[in-house]
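Right, one structure below, let's go through it.
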Amino acid sequence: MTSPAKKCRTNEKTFGTTAQMEAALPAPWQEGDRVLQLRCATLVGRTNGRASLPVIDDDPTGTQTVHSVQVTADWAVPTLSSLLSTDRPCFYVLANTRALPPQEAVERAEEIGRNLRLAAESAGVGPLSAVISRGDSTLRGHYPAETDALARGLGWGSDGATEAPTVVL
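To convert, take the position in the sequence shown, counting from 1, and add 1039; that gives my numbering.
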């Protein structure tokens, strides 16, 4: 014995069954080559077409959600200079600042920003026009002190920052 079909209602139409409602939905999003090319072009535009986009990660668990991305725990100028010069769209720097006391996190973020600025100059790709600071979605880290320190190290004045719940590279 089958159970009676439940009526499914949206704001615009009533459907006899869930299957009828699902059949009326648009096709699933397909990310083809053209979309990937546009995404890469967007990244190139963000970095003036001259540098790989740095992502400063406050906790090492964040890199578990990425693939085909260079990851380093070394923010020395020569390392960053080399990474900025690659043809990859981005790279991650594991700062691990979330585990630090606030003052140490701020000092580390400012040092990373300063080293990125020097590395960009050294690699001939500076000044950088974009850097991502990847933090916890519940803001468990040291926000905004850490992002402010990163901006200071980069030599940026800041009228604001973009907060995004996700970044698709």
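Every residue gets a Cβ at the ideal spot worked out from N, C-alpha and C, and that includes glycine.
Computed from a predicted structure; not experimentally measured.
What's the C-alpha gap between E1143 and N1135? Numbered from 1 along the sequence shown, position 104 holds the residue referred to as residue 1143. Numbered from 1 along the sequence shown, position 96 holds the residue referred to as residue 1135. Spanning the two alpha carbons is a distance of roughly 11 Å.
Give me, in chain order, the residues of the same chain whose beta-carbon lies closer than 6 Å to that of G1192; leave out the 5 immediate sequence neighbours on both sides. Within the sequence shown, the letter at position 153 stands for residue 1192. Cβ-Cβ distances below 6 Å link G1192 to E1149, G1152, R1153 in the same chain, with the five nearest sequence neighbours on each side left out; the list follows chain order.
Neighbourhood of G1194 by C-beta, 6 Å cutoff - its chain only, sequence neighbours within 5 removed: For the purposes of this step, residue 1194 is identified with residue 155 of the sequence shown, where counting begins at 1. Hits under 6 Å: R1156.
If you draw a straight line from the C-alpha of I1171 to the C-alpha of P1117, how long is it? What you label residue 1171 is simply residue 132 of the sequence shown in a count that begins at 1. What you label residue 1117 is simply residue 78 of the sequence shown in a count that begins at 1. Going by the C-alpha atoms only, they are around 20 Å apart.
Helix, strand or coil at T1056 [DSSP, three-state]: Taking the sequence shown and counting its residues from 1, the one referred to as residue 1056 is at position 17. Coil, per DSSP.
When the Cα atoms are used, what is the spatial distance from T1053 to A1066? Taking the first residue of the sequence shown as 1, we reach residue 1053 at position 14. Taking the first residue of the sequence shown as 1, we reach residue 1066 at position 27. Roughly 20 Å between the two C-alpha positions.
Can you check the region 1137-1173 for any alpha helix (DSSP H) of at least 4 residues that lies completely inside it and give the ranges in chain order? Taking 4 residues as the shortest admissible run, the region 1137-1173 contains the following complete alpha helix (DSSP H) segments, listed from N- to C-terminal end: 1141-1162.
If we count the other Cβ atoms within 10 Å of its Cβ and call it buried at 16 or more, is M1040 buried or exposed? If you number the sequence shown from 1, residue 1040 lands on position 1. Caution applies to M1040, whose pLDDT of 46 falls short of 50 and renders its modelled position unreliable; the value that the coordinates give is listed next. Its Cβ having fewer than 16 others within 10 Å, M1040 is exposed.
For the beta strand (DSSP E) containing V1132, name the first residue and the last one. Locating residue 1132 in the sequence shown gives position 93, where the first residue counts as 1. Unbroken beta strand (DSSP E) run through V1132: 1129-1133.
Note down the Cα distance separating A1115 from A1063, rounded to an integer number of angstroms. Within the sequence shown, the letter at position 76 stands for residue 1115. Within the sequence shown, the letter at position 24 stands for residue 1063. Taking the straight line from one Cα to the other gives about 55 Å.
Considering only DSSP beta bridges, list what L1092 is partnered with. Numbered from its first residue, the sequence shown carries residue 1092 at position 53. Partner(s): C1129.
For my contact list, D1139 and R1127 are in at a C-beta cut-off of 8 Å; report their separation, rounded to the angstrom. Translated into the one-based positions of the sequence shown, residue 1139 becomes position 100. Translated into the one-based positions of the sequence shown, residue 1127 becomes position 88. For clarity, residue 1139 is Leu in the given sequence; the question names Asp instead. Their Cβ separation, rounded to whole angstroms, is 28 Å, which puts L1139 and R1127 out of contact at 8 Å.
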